[in-house]
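As structure tokens, the structure follows; a few thoughts come after it.
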Amino acid sequence: MKGLMRKRSGAAARLQRALSAKSVRTADSPPQQQPAQPKRQFIMESPVQFTAGVTSQERHLFLFNDLLLIAKARSGGNFKLKEKVRVSEIWLTKSSIDIVAEIHKCQHTSFLIGWPTTNVVATFGYVHNTYSKYVHYHHDGMIKYQHELIYNS
Numbered sequence: 001m002k003g004l005m006r007k008r009s010g011a012a013a014r015l016q017r018a019l020s021a022k023s024v025r026t027a028d029s030p031p032q033q034q035p036a037q038p039k040r041q042f043i044m045e046s047p048v049q050f051t052a053g054v055t056s057q058e059r060h061l062f063l064f065n066d067l068l069l070i071a072k073a074r075s076g077g078n079f080k081l082k083e084k085v086r087v088s089e090i091w092l093t094k095s096s097i098d099i100v101a102e103i104h105k106c107q108h109t110s111f112l113i114g115w116p117t118t119n120v121v122a123t124f125g126y127v128h129n130t131y132s133k134y135v136h137y138h139h140d141g142m143i144k145y146q147h148e149l150i151y152n153s
């Protein structure tokens, strides 16, 4: 699912609508009973720099309760979707940054993020964005968000 997304003004609302699971039916087909699924909730968005080795890329993250979208900013306020990763497949750590990035990265604004086939160092422009949301996984598969703000001083 690669496509363009509009930037900023209402980006979260448009993404929410575009990604919500809506059943498509014809006029002849009977309504289908679907199991109740939790709604997708937008959590945050942020520009970020991904670094692997000596290569850096500017990206924009859109975090939902069950999904992380990684996009590249385009002209005209649009985004090109680069990756779509389930939150359950993501790992985060503050250690091992030097193993993935050969360029020095600030420990206060960077962390290692990975999912199957990918490990990158994510560097944020603001210290408070770095760990404003931790994602913790529980044995029952539920996701808990712990808010911890790190302030610039």
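Numbering follows UniProt numbering, in which position 102 of the sequence shown is assigned residue number 102; successive positions increment by one, without gaps.
Quick reminder that beta carbons are idealized off the backbone N, C-alpha and C, glycines included.
Query, Result
"Could you work out which residue in F124, N65, S96, H108 is closest to Q41 when comparing CA atoms only?", "N65"
"With DSSP run on the structure shown, which of helix, strand or coil describes S75?", "helix"
"Which residues in the same chain as S56 place their Cβ atom closer than 6 Å to its Cβ, once the five residues preceding and following it in sequence are excluded?", "Q49"
"Taking C-beta to C-beta, are I84 and K72 nearer than 8 Å?", "Ile is not the amino acid found at residue 84; the sequence shown has Lys there. No, Cβ-Cβ distance for K84 and K72 is not below 8 Å."
"Less than 8 Å between the C-beta atoms of F111 and A101, yes or no?", "no"
"Give me the Cα-Cα distance between P38 and H104, rounded to the nearest whole angstrom.", "40 Å"
"Going by C-alpha to C-alpha distance, which of G53, I70, N78, T117 sits closest to E45?", "I70"
"Starting from the C-beta of E89, find all residues in its chain whose C-beta is less than 8 Å away, skip the five residues before and the five after it, and write them out in chain order.", "W115, P116"
"Quick one: what's got a C-beta closer than 7 Å to residue 185's C-beta in the same chain, skipping five residues either side?", "Outside the shown range of the chain, which is 1 to 153, sits residue 185, and nothing can be said about it."
"Check each candidate in C106, P47, L61 and name the one with the smallest Cα separation from R86.", "L61"
"I need the straight-line Cα distance from L63 to T118, nearest angstrom please.", "17 Å"
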